[in-house]
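Single-structure report; data block below.
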Amino acid sequence: MATYAIGDVQGCYDALQRLLEKIRFDPAVDRLWFCGDLVNRGGQSLETLRLVHSLAIHSTIVLGNHDLSLLAISTRREADQRKVNPDLQRVLFAEDADVLVKWLRQQKLFHVDRTLNFAMVHAGLAPKWTIALAEARAREVEEKLRGDGFNKLVKIMYGDKPAWSPKLMGPDRYRAIINVFTRMRYCTPGGRIGFEDKGRPGTQRPGVYPWFEVPGHAEREMPVVFGHWSTLGLFMGLGVYAIDTGAVWGGKLTALELGPELRLHQVAGRNPPDNAPRGDD
């Protein structure tokens with residue numbers, strides 16, 4: 001039995017199939033963890049969602065910013081949905097779109113396995129959040145995603161402000177929690193996210209730090225696996241494992257086999273079109 005944490009797929013279905021073949025994934029005994037951003041940019045988002053949905057009982061998923069964006073777009077008028085890129089349109093207008101959207105709404109923002117002694121998030125944790133605090137903050141938003149508050153939540157979740165504070169309430173609170181879990185790379189010791197900084201450590205502006213090495217951050221009770229940060233690439237240290245290795249940009253798709261002995265498995269990502277613009281959000 002093995003558990004594999006997989007980095008951002010972003011609609012790279014062919015690469016995901018190659019990776020599952022390489023690790024010889026056996027649904028009878030193995031588990032898959034997906035670090036979020038299953039969809040967008042790779043051209044095969046529909047196929048990717050269908051595959052992961054078919055493996056739902058064998059998989060754990062945390063939502064990324066692109067997954068949340070798809071959920072938000074799913075609530076809009078058809079005319080607006082037809083303005084998004086063709087990859088997402090294929091999902092929105094698929095015959096099983098309602099099934100896939102309903103399933104995606106049930107997924108987590110943060111996952112903790114105390115038996116494996118690993119946690120998983122798409123982007124990061126606020127400096128003062130312990131694992132237990134992060135679990136509680138995630139549950140607040142997950143309840144809205146899964147319940148009657150869904151439509152309102154996806155309308156108010158966009159925006160860079162405010163920074164997280166435990167005193168926040170209502171829409172500001174949910175937006176700040178979502179930004180931490182799905183958009184964070186760098187932040188200040190006070191928890192203000194450096195949204196403009198997206199490159200490798202050393203390229204950021206003064207006063208912001210990679211979220212996992214902010215001075216004075218709370219002690220994390222276990223290692224954290226995350227994706228989102230393709231310019232960081234593979235990074236293993238300081239109690240974190242970054243596994244977004246840029247499959248959608250021509251890099252690799254990574255699986256980290258979790259357990260007493262960590263093993264790394266990688267396959268080639270997609271071949272992006274010539275002159276394809278790169279964006280890291």
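Read in order, the letters of the sequence shown correspond to residues 1 to 281 in the UniProt record's numbering.
Glycine included, every Cβ here is placed at the ideal spot set by N, Cα and C.
Tell me whether residue 39 sits in a helix, a strand or coil according to DSSP, three-state version. Residue 39: coil per DSSP, three-state reduction.
Compute the Euclidean distance between the alpha carbons of residue 76 and residue 84, then round it to the nearest angstrom. Each residue's Cα considered, the two are about 11 Å apart.
Quick check on DSSP: helix, strand or coil for residue 31? For residue 31, the three-state secondary structure derived from DSSP is strand.
Using only CA atoms, which one of 105, 191 and 255 lies nearest to residue 18? When only C-alpha atoms are compared, the closest one is 255.
Need the endpoints of the beta strand (DSSP E) that residue 50 sits in, please. That residue, residue 50, is in no beta strand (DSSP E); its alpha helix (DSSP H) goes 45-54.
Quick one: give me the first and last residue of the alpha helix (DSSP H) that residue 66 is part of. That run of the alpha helix (DSSP H) goes 65-73.
Is the stretch 104-117 close to the stretch 55-62, with three or more CB pairs under 8 Å? Because the criterion of three Cβ pairs below 8 Å is met, the stretch 104-117 and the stretch 55-62 touch.
Here's the rule: buried if 16 or more other CB atoms are within 10 angstroms of the residue's CB, otherwise exposed. What is residue 272? It counts as buried.
Starting from the C-beta of residue 227, find all residues in its chain whose C-beta is less than 8 Å away, skip the five residues before and the five after it, and write them out in chain order. Around residue 227: 7, 8, 35, 36, 37, 64, 122, 123, 242, 243 and 244.
Exposure of residue 106, with buried meaning 16 or more beta-carbon neighbours within 10 Å: Classification of residue 106: exposed, given that the 10 Å Cβ count is below 16.
As assigned by DSSP and simplified to three states, the class of residue 113: In the structure shown, residue 113 sits in a strand (DSSP, three-state: E or B).
Nearest-angstrom Cα separation, counted from residue 93 out to residue 176: Residue 176 and residue 93: Cα-Cα distance of roughly 31 Å.
Mind the definition here: the stretch 136-145 touches the stretch 195-206 only if three or more C-beta pairs lie below 8 Å; say whether that holds. No, because fewer than three Cβ pairs between the stretch 136-145 and the stretch 195-206 fall closer than 8 Å, the two stretches do not touch.
How many Å lie between residue 16 and residue 48 at the Cα? Approximately 8 Å between the Cα atoms of the pair.
As assigned by DSSP and simplified to three states, the class of residue 76: DSSP places residue 76 in the coil class of the three-state scheme, outside both helix and strand.
With the cut-off set at 7 Å, would you say residue 33 and residue 5 are in Cβ contact? It is a contact, given that the beta carbons lie within the stated cut-off.
Could you pull the start and end residues of the beta strand (DSSP E) that residue 252 belongs to? Per DSSP, residue 252 belongs to the beta strand (DSSP E) from 252-258.
For residue 104 versus residue 258, is the C-beta distance shorter than 7 Å? Taking C-beta atoms as the reference points, residue 104 and residue 258 fail to come closer than 7 Å.
Runs of beta strand (DSSP E) wholly within the stretch 117-149 (minimum 3 residues, chain order): As for any beta strand (DSSP E) of minimum length 3 sitting wholly inside the stretch 117-149, the runs are 118-121, ordered along the chain.
Quick one: using the 10 Å Cβ neighbour count with 16 as the cut-off for buried, is residue 29 buried or exposed? Per the 10 Å Cβ criterion, exposed.
Spatial neighbours of residue 208 within its chain, please: CB distance less than 7 Å, with the 5 preceding and 5 following residues excluded, ordered by chain position. Contacts found: 186, 187, 188, 194 and 197.
Compute the Euclidean distance between the alpha carbons of residue 250 and residue 167, then round it to the nearest angstrom. Going by the C-alpha atoms only, they are around 42 Å apart.
Residue 15: first and last residue of the uninterrupted alpha helix (DSSP H) it sits in: Note, residue 15: alpha helix (DSSP H), 13-22.
Which residue's Cα is closest to the Cα of residue 46: 67, 22 and 27? Of the listed residues, the one whose Cα sits closest to residue 46 is 67.
Report buried or exposed for residue 120, applying the criterion of at least 16 other Cβ atoms within 10 angstroms of its Cβ. Flag for residue 120 reads buried.
Would you mind listing the alpha helix (DSSP H) stretches within the stretch 144-182 that are 4+ residues and don't spill past its ends, in chain order? Those alpha helix (DSSP H) runs which fall completely within the stretch 144-182 and span 4+ residues are 150-156.
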